[in-house]
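Comments concern the structure below.
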Amino acid sequence: MERCPTCKARLKSAVICPRCQTDLNRVFKINERAEFLCQYAIARLEQQNIKPAVWAIKEALLLQRNKLVLATQQFIVKRLEQQAVANLTHNKQALAIETLELSLSLKKTPFALALHEFIKQQDSETHTKECLAENIGLL
Ligand SMILES: [Zn+2]
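Residue numbers (the working numbering): 9 to 147.
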């Protein structure tokens, strides 16, 4: 961090802002926590552990919306979209929908919205009402 979040004064390594006296320790701790959550999210994603990854990046976004957090969010959204497409090519519609909805809960990209719409449409054409209701129940 180069500037005080309160008064925008340039900072060196002060714990208390020399201009407005803001306690920067708390700010540093929030930054650290956000960074940790981003690393945690990426690690879970690498293990195909999608739900904890999505949880962690949401927590990070609540704390901080800095470049690292936003880039991590972007990365996870892209990966989930790719995963949904892969699920679909393997005829795993329900899994594709589940993955897409996790992705949409992070960011509503036009691509994810269109793909979601497309799968839902296909679903209603090929399945009975009971089967569809079951799929919705899974979500
Ligand atoms: Zn300040």
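Heads up, the beta-carbon is just placed ideally off N, CA and C, and yes, glycines get one too.
Residues in the same chain with beta-carbon distance under 7 Å from Asp-31, minus the five sequence neighbours each way, listed in chain order, please. Excluding sequence neighbours, Asp-31 sits near Ile-24.
On the criterion of 16 or more Cβ atoms from any shown chain inside 10 Å, does Arg-52 qualify as buried, or is it exposed? buried
Are the CB atoms of Pro-13 and Val-35 nearer to each other than 7 Å? Cβ atoms of Pro-13 and Val-35: closer than 7 Å.
Does Ser-132 pass the burial test, meaning 16 or more other C-beta atoms within 10 Å, or should it be called exposed? exposed
Just list the residues that DSSP pairs Arg-11 with in beta bridges. Arg-18
According to the neighbour-count rule (16 or more other Cβ atoms, all chains shown, within 10 Å of its Cβ), is Glu-89 buried or exposed? buried
Which value, in whole angstroms, describes the spacing of the CA atoms of Ile-38 and Asn-74? 11 Å
Identify which residue in His-124, Asn-33 and Thr-80 has its Cα closest to the Cα of Tyr-48. Thr-80
Please list, in chain order, all residues with a C-beta atom less than 6 Å from at least one heavy atom of ligand 1. Going down the chain, each residue whose beta-carbon is closer than 6 Å to a heavy atom of ligand 1 shows up: Cys-12, Thr-14, Cys-15, Ala-17, Cys-25, Arg-27, Cys-28 and Thr-30.
For Glu-54 and Leu-108, what's the separation of their Cα atoms in angstroms? Looking at the two C-alpha atoms, the distance is approximately 17 Å.
Ile-120: which of Ile-50, Arg-87 and Val-77 sits nearest, CA to CA? The identity of residue 120 in the sequence shown is Ala, whereas the question assumes Ile. Nearest of Ile-50, Arg-87 and Val-77 to Ala-120, Cα basis: Arg-87.
Pair within 7 Å by beta-carbon distance, Leu-45 and Ala-64: yes
Which one of Thr-97, Asn-57, Ile-105 and Ala-102 has the shortest CA to CA distance from Ile-84? Asn-57
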